[in-house]
Amino acid sequence: MLESLPSTKPQQPTNHHPFTKQSTTTKVASFELRKNDKYYAWLFLGPSLLLLGVFVFYPMLRTFYLSLFLTNNFGQPTVFVGVQNYLNLLKSAPYLASLRATVTYVVGVAVLTLVLGLLLAAMANQKLRGIGFFRTIFTATMGVSVSVSAIFWLFMFNPTTGVLNQIVMFFGGQPIAWLTKPGWAMVAVIVTSVWMHLGFTFLLFFGALQSVPKSLYDAADVGGASAWYQFWHITLPMISPTMFFVGVVTLISAFKSFGLIDLMTAGGPTDATNLLVYRIYKDAFMNGNYAQASTESIILAVIIAVITLVQFKLLAKRVTY
Amino acid sequence: MENVSVQQAQRQRRLGNSLKYFGLVLLALIVIFPFVLGLWTSFLPSMDIAKGSYWSTHLSLNNYVAAFTKTKILRYLFNSLVISTLVMIAHVFFCSLAAYAFVFLKFKYRDALFYIVLATMMLPFEAEVIPNFTTVRQLGLLNHYAVMIIPFLTSAFGIFMLRQAFLQIPADLKAAADVEGLSHWQFYWQVTLPYSKISLVTLAAYSFLGSWNQYLWPMLTTFSDHLRPVQDGLRQLQSEETFNDWGMIQASAAIVVVPTLIVLLIGQHYFKSGLNAGAVK
Amino acid sequence: MKAVQNLFKTYWQVLGVVGLVIIGFSIFGYARTQVQAASSRIKVVFWHEMKGPGQQQLNEFIAAFNKSQSKYEVVPQFQGSYNAVIQKVMNTHGTSASPAVFQSMDISTSQMYHSGYTVPVQKFIDRDHYDIDQIASVARGVATRNGKLLAMPFNTSQTTLFYNAGLFKKYGIKPLPVSPSYSDISRVSQQLYQKSNHQIKGMSVEAYSWLFEQFLSNANEEFANQHDGHTGISTKVNFTGPVALESMKWLQGRAKAGDLMNYGDAKNETAAFLSGKLGLFMQSSADTSLLIKGLGKNLGVTYYPHPDGVKPNGISVGGASLWIANDKSAAVQEGAWEFTKFLVNAQNQAKWEKATGYLAINTHSAKEPVLKKLYAQYPMTKVPGDQLRSAQANYTNSGIFIDGVIAARALIENAMQQIYAGKDVYQSLKTAENSYNKVLKSTNRANGRG
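The listed protein sequences derive, respectively, from chains P, G and Z.
When the count follows our numbering, it moves up by one through the first sequence with no breaks and lands on 340 for the last residue.
When the count follows our numbering, it moves up by one through the second sequence with no breaks and lands on 320 for the last residue.
When the count follows our numbering, it moves up by one through the third sequence with no breaks and lands on 463 for the last residue.
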């Protein structure tokens with residue numbers, strides 16, 4: 020989840036967005052072109068380019084290449100089939116079910132994380148005695164990794180001894196088979212994932228709320244606007260860039276979910292939580308079907324690339340605005 | 040009359056405040072309940088947990104003793120610490136070098152290269168594990184620390200982020216340095232890095248945590264407890280028990296989570312103010 | 014600016030602490046690697062997938078083996094599930110990460126054979142004139158190809174029916190015969206459910222493909238053409254034969270009647286059984302020791318069920334065998350062979366059966382006091398072994414010799430879940446069958462087998 024931290028970025032002054040061509044060239048152009056720049060460039064840039072080439076560019080091309088073949092037991096491409104793998108997948112009911120499950124999961128996680136994160140931030144943004152204590156607690160899940168989250172929640176979801184079923188039974192309900200009934204398993208992984216993302220989301224929202232100029236509220240107070248009105252017409256518009264940003268980051272992070280699924284449901288029951296990345300893992304590293312797994316990888320990469328592009332575009336727009 | 044309305048207002052405020060506190064406490068409970076329960080049960084005997092009796096009074100440190108002696112949890116922690124620290128240092132180093140090149144060096148195809156690097160941000164690592172696995176196997180890296188470090192020595196995101204930071208360095212500084220006859224390396228080491236400390240620390244924290252939270256890749260590339268990092272170690276512990284020894288598993292989770300929580304608590308104040316500073320600027 | 018400086022002060026403190034911790038750990042870690050390096054024995058890395066009591070017993074065996082001689086040191090490495098280990102072996106072969114000897118399950122035999130990554134143990138057997146007849150022939154069946162033993166069976170199990178005899182007695186239900194038919198089981202399941210006022214579920218059969226496969230085996234129905242792959246490369250599977258349909262319709266009927274409960278996974282199922290909320294279920298005999306710990310003499314055990322009016326054909330053995338990899342030096346392979354022999358000797362196999370419920374495959378084990386005592390104290394523990402010995406090995410009860418059965422299993426398990434949810438039996442199985450036939454076709458194509 021913290022992989023997404025990068026994008027704390029929008030908080031920082033990004034005058035020089037890559038897509039708003041300006042500054043860099045002009046600024047550096049004023050420098051004298053030195054002859055040995057070329058060698059320094061190789062020296063400084065070389066290692067990064069090499070690594071990105073070997074571990075990011077080449078594997079993408081290779082994955083695409085593999086997706087056009089059938090692979091044998093040793094993972095080697097043997098029979099060229101063109102786009103047949105793609106056609107097969109897009110006609111395959113289990114794969115489409117996986118796609119649907121992933122969308123359910125991703126949207127569920129993103130929406131709930133946004134709503135809850137905002138709620139926490141709004142509550143913590145009040146002037147009350149001891150509020151610092153609550154702020155600290157709300158960030159607590161930032162320190163929790165995937166495995167630990169999964170263990171905590173697996174324990175609570177345990178059908179016989181888990182605390183959640185004890186609560187359900189206390190109120191006279193029937194115990195719920197949290198992780199072994201398709202619908203409930205999805206609920207369980209979404210809840211865990213939201214909890215895990217909450218601390219980070221809270222922190223970003225809280226920062227955004229704190230940066231809304233107080234004068235705006237003062238003016239509204241004078242005008243006699245209700246708190247609700249102020250929230251809708253001042254707070255939300257002011258923090259909407261952060262909301263958008265958090266939404267996209269959570270979305271991408273949810274698309275890449277693996278550890279949680281592996282530990283909690285292993286894709287089950289009946290493939291109900293067999294999300295895209297987990298399916299890739301299973302097809303490649305259990306079934307040994309590397310061609311199919313490569314095809315699934317390419318589809319995943321396209322989905323994520325599209326979301327990232329949208330993010331870039333909108334961020335660029337925001338910077339100029 | 041006036042007095043009455045003031046009193047009323049005060050009463051209302053008090054009522055409002057207690058409602059607010061009620062909400063805060065409720066939310067706080069929801070957020071930390073999993074921690075508290077996990078921590079509490081880590082002191083209980085597994086037999087009691089299996090019966091679902093959480094109000095047991097048989098508190099003891101037995102689960103911790105078991106976790107430390109019967110499992111390799113310390114080894115896992117050590118592995119993670121070594122891997123994450125090395126990744127952090129190398130990541131900051133290589134990304135800053137590359138970012139420097141994109142900001143202060145002039146060479147052919149610079150912008151084109153930058154866009155190419157930027158494009159790699161769109162490619163998810165999860166979709167590339169198959170060829171990457173083949174690559175590290177051919178390099179003979181399987182089941183070594185190196186396999187969890189080398190692919191993560193640099194990243195497009197890190198380069199991008201530091202480039203943004205380096206662009207804030209006043210052009211005059213560079214001009215002055217040129218007059219002084221500072222070499223690129225000197226300017227990089229003596230001016231650029233100290234000037235961008237905040238961004239460097241942020242990137243360091245990000246890469247450390249990113250490495251610490253790695254799950255899929257170490258799971259695919261490590262085959263012995265001697266090398267497993269902590270996330271996969273916990274997975275290992277969790278899967279080895281047929282009938283979960285919940286007490287010990289919770290203790291192991293606590294051993295892993297408590298240090299991060301403490302660091303978070305200490306750093307939190309500064310982290311937040313840093314974030315706010317960034318936001319206000 | 015001041016705030017920024019403060020920020021750094023604290024960060025450096027934190028980093029300083031982290032640094033110190035790292036140095037401390039490094040010394041500790043270094044010291045430990047030194048200790049390990051000090052041993053000059055030949056290292057034999059052993060991959061296994063045993064959990065719980067099995068792992069405990071296995072670790073004891075390894076400690077004993079390492080103590081019994083000074084030439085080799087066996088290093089156990091737990092690798093997770095049976096499903097994951099096949100590709101791990103395929104992926105690491107020829108690297109320093111690969112094992113010298115590994116445990117791999119029954120249905121991986123074909124893939125291991127085709128990979129050419131292992132040394133058939135027959136080579137060592139012939140060279141040493143090792144008495145292979147002491148190993149039960151049915152157990153050897155799943156790891157034999159063209160009369161050659163490819164791997165040494167180690168943890169051999171049988172699908173077994175377990176019932177709670179205490180509950181049967183309490184509700185006055187006539188116990189099951191040793192080899193029950195489907196309707197025998199329906200009878201007791203129904204009675205238990207009715208007589209307990211629906212408080213106790215009669216039966217459970219996990220949506221687990223291994224159980225489906227054994228329904229077919231026990232009625233002599235083929236899972237795939239070419240006699241389950243034993244006489245050539247299978248090109249088609251058969252999930253919709255009469256026995257497949259009959260068994261699944263039977264289970265669906267019980268689910269509809271309410272006395273069959275689908276617990277979702279084996280863990281929940283076992284927990285329900287141990288707490289007296291479930292009358293009978295079918296799982297690996299490897300669970301026996303755990304169940305005895307819970308139910309004691311109230312545990313009932315029978316053979317795996319067969320359709321009414323059909324003579325039981327016997328079932329395939331489950332579990333896993335020990336494979337010796339061919340990418341290690343001759344000395345290491347020798348160590349792996351020594352270790353393999355050690356694990357399957359009469360005494361150890363007897364201990365193994367007692368500790369877990371896997372069947373002692375060494376025929377001399379029956380004479381071991383450990384087992385004699387166990388059988389005397391808990392006569393029902395003998396049943397799975399009797400079942401094994403009652404079978405006459407043939408094509409349908411000697412495992413499935415196809416590459417990539419794991420994918421088929423996932424499809425069958427989905428079909429079973431759908432059947433429990435009330436979907437049409439034939440349609441569910443046919444969908445799985447069609448899907449897997451496609452997989453099989455492309456696997457064969459990709460591997461150059463027509």
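Quick reminder that beta carbons are idealized off the backbone N, C-alpha and C, glycines included.
Quick caveat: nothing in here was measured; it's all calculated off a predicted structure.
- For P/Ile326 against P/Glu315, the beta-carbon gap comes to about 17 angstroms, at or over 8 angstroms, which does not count as contact.
- In terms of Cβ geometry, P/Asn92 and Z/Gln124 form a close pair [threshold 8 angstroms].
- Listed along the chain, the chain G residues whose CB falls inside 9 angstroms of the CB of Z/Thr105 are Arg176, Leu181, Asn182 and Phe262.
- Annotation for Z/Tyr85: the continuous beta strand (DSSP E) segment containing it runs Tyr85 to Phe91.
- Taking C-beta atoms as the reference points, P/Phe153 and G/Ala67 count as a pair closer than 8 angstroms.
- Identification of residues in the region 395-427 of chain Z having a C-beta nearer than 7 angstroms to some C-beta of chain P yields Asp416, Gly417, Ile419, Ala420 and Asn427, given in sequence order.
- Chain-order list of chain P residues neighbouring G/Pro190: Phe74, by C-beta distance under 7 angstroms.
- Rounded to the nearest whole angstrom, the CA to CA distance from Z/Ser230 to Z/Asn361 is 29 angstroms.
- Z/Trp223 is the residue among Z/Trp223, Z/Thr394 and Z/His243 whose C-alpha sits nearest the C-alpha of Z/Ile328.
- Shortest Cα-Cα distance from P/Leu80 to any of P/Asp281, P/Met262, P/Val321 and P/Thr160 involves P/Val321.
- Counting along the chain, Z/Phe175 sits inside no alpha helix (DSSP H); it lies in the beta strand (DSSP E) bounded by residues Thr172 to Asn177.
- One Cα belongs to Z/Val250, the other to Z/Arg462, and the distance between them is close to 16 angstroms.
- It is roughly 21 angstroms from the alpha-carbon of Z/His142 to the alpha-carbon of Z/Val114.
- Here G/Ala138 is buried, its C-beta having at least 16 other C-beta atoms within 10 Å.
- By the C-beta density criterion, Z/Gln265 is buried, having at least 16 other C-beta atoms within 10 angstroms.
- Interface with chain Z (8 angstroms Cβ-Cβ cutoff): G/Ser57 is excluded.
- The beta carbon of G/Glu165 sits closer than 8 angstroms to some beta carbon of chain P.
- In terms of beta-carbon proximity, Z/His377 stays away from the interface with chain P, with every pair separated by 8 angstroms or more.
- Of the candidates Z/Ser302, Z/Glu446, Z/Ala77 and Z/Ser194, Z/Ser194 places its Cα closest to the Cα of Z/Trp263.
- For Z/Asn96, the residues of chain P that pass the 7 angstroms Cβ criterion are Met305, in the order they occur in the chain.
- At a beta-carbon threshold of 9 angstroms, the residues of chain P lying near Z/Tyr276 are Pro178, Ala196 and Thr199, ordered along the chain.
- Residue burial is scored here from C-beta neighbours: Z/Val438 has at least 16 other C-beta atoms within 10 angstroms and is therefore classed as buried.
- Approximately 7 angstroms separates the beta-carbon atoms of Z/Phe225 and Z/Met429; this is inside 8 angstroms, confirming the contact.
- Interface with chain Z (8 angstroms Cβ-Cβ cutoff): P/Leu68 is excluded.
- The three-state secondary structure of Z/Thr315, taken from DSSP, is strand.
- In this structure, DSSP gives Z/Val357 a state outside helix and strand, which the three-state scheme calls coil.
- Its chain contains no residue whose beta carbon lies nearer than 8 angstroms to that of P/Asp56 once the 5 sequence neighbours on both sides are disregarded.
- The shortest C-alpha to C-alpha distance from G/Leu136 to any of G/Leu125, G/Leu63 and G/Arg202 is the one to G/Arg202.
- At the C-beta level, Z/Leu287 and Z/Leu308 come within 8 angstroms of one another.
- Not flagged as an interface residue toward chain Z: G/Phe205, since no C-beta distance is shorter than 8 angstroms.
- In this structure, Z/Tyr85 is the residue among Z/Ile75, Z/Phe74, Z/Tyr85 and Z/Gly65 with its C-alpha nearest to the C-alpha of Z/Val345.
- Membership of G/Trp256 in the alpha helix (DSSP H) is indicated by the continuous run Leu255 to Thr260.
- Scanning chain G for C-beta atoms nearer than 7 angstroms to the C-beta of P/Thr327 yields Met160 and Met161, reported in chain order.
- Checking the DSSP bridge columns, you'll see P/Gln229 has no partner listed.
- The beta carbon of G/Val175 is closer than 8 angstroms to those of Leu181, Val186, Ile189, Pro190 and Thr260 in its chain, skipping five residues each way along the sequence.
- Residues of the region 142-170 of chain Z with a C-beta atom less than 8 angstroms from some C-beta of chain P do not occur.
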